C-alpha cells in the first residue's frame, strides 16, 4: 500500500494517524441493565417492553482511521456511540427522527442518503435532539478503547487541520474496535449487538427508523469485517518495520510507574488522589494504589508501581492502541473521575530498555478537558528471571523478608532469672591413692548455656575454667555484609565492671537467688549490616563462650568504615544503653590477631564524656585484599549506607550503637550548647597549637630527633648513639621563605608543598608515638605498598603495656586533663564573648538575608520542592514550641560544622590514613608540576589584557550598544527582554524541579524497597569517621602473629565449603527498578587448592 503524504497526524510512538471516513445513524436504544455480579453481562430490556419515551436517542458511528508506520499505510475501523451533551436538550421536528449519512474526511465531501430533519454537514452542525445521559457511567463500565490519541472525533480534527464537528451538541461516550464488535441478532428494524469491555461482554439493542437503515448498518459492518484480516496484516507489518519476531515469541515486560507531575485537580480545595489503571485490549492488567492528596505522586513498590506482564508478541503488535494508561482520582463516595490517559504502542514497548520516559496526559473520549496537562513517568524493560521470581514472592506474601539480621536468643524470663542460682561450691576431691584435705572452689553457671557436645562438663565451671574457655576459638561464625575488599573477623569475648541497670539488684544475697542484675548483650554494626550476641543474664562481668553466638565475619566495602559496638541491658519495654565504642580498623594489618580492650562510654558524637561504664574485650583479625587495592578503592567517594530494623525498639538499639545516647536529629538546647562548646574548644585548641607551632618555628626549637654516633672511650666500640633534637622544620621554612621572596612564581608550588609538608609532619608525629595503638600507616608505608602492591611491613606484634606502663599512662592523662581544665577556666571569659558575638552575627546575617531574599526565593523553592536524599527514619520529639523554627536550623548548621571539622581533623591527623595519603601525594605532585610553570609571566599578561580591554575609552561603545540599551529601548523591546529573562528563569526552575523530582523519586523507591525487605525503620551508618572522640585500645591490648591451627585435608575442605558458617546477606541494594541484594561469595578458595566433592572425599577416607 502506498504511503500517505502530508497527513495531519498526532505522533503515537512510531505511528501517525488521521480520520478517513465515517458512517453514522441516529437510533434509539433501550436503557441497559447493570450486571447482577462482577464479570457478568450487561443486558437490556427488549424494545417491545420499552416504550419510546424510555429509550435513549444515540448516534452510532462507524469510522475508519488511516495510520502510517514507517511509511506503510494501514486502516483501522472503530464503532463509536455518541450521546447528547445534556439530559434536557432541544427537540427536532417530530418528522425528523432519522439521521444517517456518510462523511469522507479525505476528499472533504459528504453524502446524505436519507436526511430527515435539519443537518448541515458543511458547517458541521446538527439540531440538538432530546436524549438522556447514560446511567452506566461507572469506572468499571467504560469501554476498553475509550481512550485513543487519534485526533479524529475525539480531538475534533478534520483532514485539513480545521475544526470540524459534524455532531454539534453530541459527545462521544464509547469507542470500540471493530474486532470486538459483533451483530448477534437481526430483526425487522432493530439489531442486537455485542461488544467486549475490559474482559466483560455487553449487549445493546439499536432500533432504526426503517429496515433499510438497519440493513445499511449491517452491510457496513459486514464489509469492514471481511476486510479485517488484510487490514490486520498490513497493520502488523507497518508496526513491526525492521523487527523480526520469532515464532510463538512471548514477551515478558517489567513496568515501573515512577511518578506524576502537575496532575489536574478534581476535588474542590485539595489535590486529587491519583491512581493508575493499565489496560490491554480492554482487559485490566494492573492497578496501582492511590496516593492521597498529591499533585506530584510517587508510586513505590508497596503502592503498586511494579508489575510483570506477559504477552504474545504477535498479539501485542496486532493491537490498535497498545497498552493504555489511565490516571484516575480516587473517591470514597461516588465515581472515580478520570484525569486523563495515554497509550504506549507495541513498537515502543518492544524497543524500550528501561530508560525513564515522560508521557503527557490527554483527556479521554467523552471526558472534559481540565485545562491542565499532567505528566506521568514510566520505565519499562524486559523482565529477568530475578524480576519474575521477586514479583511472584511479593504477590504471594507482602511481608516477605529476603534478608534478616541474626536473631537474639531470648534468654530466661524475669521471674525465672530472679529465682536462678548462678554460683555454688564444688569440692575438689583427692586423686586415687592420695589422702589430702578436699578444697571447696566456687563454680559458676555457664550462660547462656553449656557446650552442646559437653553438657555435663561445661554446665558449671570455675572462674579460671571460664576464662580458658572464653579464649578458645569460636565454633560457629556468621558471615554478613556486602563488601568485596576484605573480611573483618570479630569475636566478642567479655565485658567487665558493667553497671547494674536493673532496679532489683540491691537484693542480691550470697546464693544469688534474688539477685537481678544486668542482662547484657552486644550489638555490632558495620556498614550495611548489623548483628548481635547472645544475652547473658544477671551478670556484671559477662563472658561469651565459644559455642555461643559471638563470632561474626563482616565484609568490607570501604577502608574508612569503622566498626561500632555497644553493650545493652535487655528489657521488655526498651533496651538500655550501657556504653559503646567505635573501632578504627583502617590502621590494623592483616596477619595479626588483635586482642583489644576498650572503655565503654554512652556518648560518641555529642556531649562530654564524664565517666566510663565498664570495659569490653574483643578479638579481631583482618583478611584484606592487597594494600594497593585498598588505596585505589579510595578514588571513589563512599556512598551513604543504611541499615533497617522492623521494630522501633530494635531501631533504637541500632541508632544508639552508631550515634550514642544523644540523638542529634532531635532538637535539644543541651545539644546546641554541646555543639557550641565543641566548636569553641576546637577553635581554642587550634589557636593554641598554631601559637605553639609558630613559636617553635620562629625560635628554632628542636622539632625532629635524629640519632647520631659520637666518640666514647667508655664503650667497647668507642662510640655511642645519642638523640639530637634539630630544628629541621625551621630550616625548611627559612629556605622556602627566602627563596619565595626572591621569586614569586614559586608561590603555588610552595603552597601545595606546605600542604604536603603539614601532612607529612603529622604522619611522622603519629608514627613516632610511644603508644603503638596511636600509630598509623604512614606515608612511606603506603607509598611502598602502592608501588610494590603488598604489605611490606608485615603483621603487627604488640605486647601488653608496650611503650609505657598503665600507671604512667594514667598519670599522663591526669596531668593533661588538669592542664586542660586550668586552660579552660582561664578562657571562660573569652568563650562567653565569642558565643555572644557568634549569636549576634548569626542573627544579624540571617535576618538581613531572609529580609532581602525571602520574598523572591520562597515561591521558587516551593516550586522546586524538597530533594532530600536521606533514607533514615526521622525521629520526632524535643522542644515543641514556637522557637523551634529558629533553633532547628541553628542545630543543623552547628552539627554540620562540627562534622566537617571532625573530618578535617581526622584527615590531618591521619586517622583517615588512605585519604590523607592521596592528599599528600597529590600535593607533592602538584608542587613539582607548578614549580616549572611561569606564574609571574601568566599573571602579568592576564592583568595586562584585563586592564587594556576593560578600562579603555572603547568601553563607551559597550555602554552605548549594550549596557544603556534598557534606558533607550522602547517598551516593546523591554517587554521582549523581560520575557526572555523570565523564560530563562522558568527553564532553570523546570530543570531544578525535574532534578528534585528524580531525587525524591529515587529516594522514595529505595526507601520503600529497603523497608519491605529489611524493616520499616532506617538508620544511617557513617562510613567516614564522624565521632567526636577517638577510642583507643587500653594498654592491656595486644597483637600477635596469626597462626591457624594445622588442619587435615577433610577439615580444610569443610571450611572451604562453608561448614560452621552462616551466611547472611547485607542490606546494600544495587540495580534499577527491582534492585538486588548485593551477594558475595561466603567462601574464599585457599591457594593451590581446587574445589572438590566433600562426600567423595569422606568416602575415600572411610574406605581406606
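In the working numbering, the protein residues as written are 916 to 2019.
All residues carry an ideal CB built from backbone N, CA and C; glycine is no exception.
Owing to the predicted nature of the structure, the values given are computational and were not obtained by experimental measurement.
As summarised for the segment 1496 to 1541, the continuous beta strand (DSSP E) elements at least 3 residues long and confined to that stretch are 1507 to 1514 and 1530 to 1539, given in chain order. Listed in chain order, the beta strand (DSSP E) elements of length 3 or more contained wholly in the segment 1187 to 1252 are 1189 to 1195, 1198 to 1202, 1221 to 1227 and 1238 to 1244. For the set 1149, 1798, 1106 and 1436, the Cα lying nearest the Cα of residue 1130 is the one of 1106.
The beta-bridge partner set that DSSP reports for residue 1404 consists of 1468 and 1536. In this structure, 1407 is the residue among 1478, 1397, 1407 and 1634 with its C-alpha nearest to the C-alpha of residue 1387.
In the structure shown, the three-state DSSP call for residue 1615 is coil.
In its chain, beyond the 5 residues on either side, 1480, 1513, 1515, 1531 and 1946 have a beta carbon closer than 7 Å to the beta carbon of residue 1496.
Residue 1123 carries a coil assignment under DSSP once its states are collapsed to helix, strand and coil. Residue pairing of residue 1097 in beta bridges, as defined by DSSP: 1109. Comparing alpha-carbon positions, the option among 1711, 1948 and 1873 lying closest to residue 1956 turns out to be 1711. Taking a 10 Å sphere around the C-beta of residue 1649, we find fewer than 16 other C-beta atoms and assign the residue as exposed. By the criterion of a C-beta distance shorter than 6 Å, residue 1508 is surrounded in its chain by 1536, 1955 and 1957, once the five residues flanking it on both sides are discounted.
Taking 8 Å as the upper bound for CB-CB distance, residue 1499 and residue 1477 are in contact here, some 6 Å apart.
Contact annotation: residue 1257 and residue 1232 have beta-carbon atoms that are not nearer than 8 Å. Taking residue 1526 as reference, the option from 1858, 1588, 1542 and 1412 with the minimal CA-CA separation is 1412.
Counting C-beta pairs closer than 8 Å gives three or more between the segment 1207 to 1221 and the segment 1172 to 1179, which meets the contact rule.
Segment contact: the segment 1922 to 1940 against the segment 1553 to 1570, three or more CB-CB distances shorter than 8 Å; contact assigned. At a Cβ-Cβ threshold of 8 Å, residue 970 and residue 947 do not count as neighbours.
Collapsing the DSSP output to three states places residue 1861 in a helix. The three-state reading of DSSP puts residue 1448 in coil, since its state is none of H, G, I, E or B. Contact annotation: the segment 1091 to 1104 touches the segment 1119 to 1135, with at least three C-beta pairs closer than 8 Å. Residue environment analysis places residue 1087 among the buried positions, since at least 16 neighbouring C-beta atoms fall within 10 angstroms of its C-beta. The C-alpha of residue 1813 lies about 55 Å from the C-alpha of residue 1199. With contacts defined by Cβ atoms closer than 8 Å, residue 1435 and residue 1483 form a contacting pair. Under DSSP, the beta-bridge partners assigned to residue 1634 are 1626. Beta-bridge pairing by DSSP links residue 1554 to no other residue. Beta-bridge pairing by DSSP links residue 977 to 938 and 994.
Leaving aside the five residues that flank residue 989 on each side, the residues in its chain whose CB is nearer than 6 Å to its CB run, in chain order, 982, 1149, 1150 and 1153.
Residue pairing of residue 1713 in beta bridges, as defined by DSSP: 1954. Annotated three-state conformation of residue 1703 is helix, per DSSP. If you look at residue 1438, you'll find it isn't in any alpha helix (DSSP H); it sits in the beta strand (DSSP E) that goes 1435 to 1441. In the DSSP assignment, residue 1494 forms a beta bridge with 1482. DSSP places residue 1092 within a strand segment (E or B) once states are collapsed to three. According to the DSSP assignment, residue 1271 belongs to the beta strand (DSSP E) that extends over 1271 to 1275.
With respect to the C-alpha of residue 1306, the residue from 1860, 1168 and 1356 having the closest C-alpha is 1168. Residue 1268 and residue 1987 have their C-alpha atoms spaced approximately 12 Å apart.
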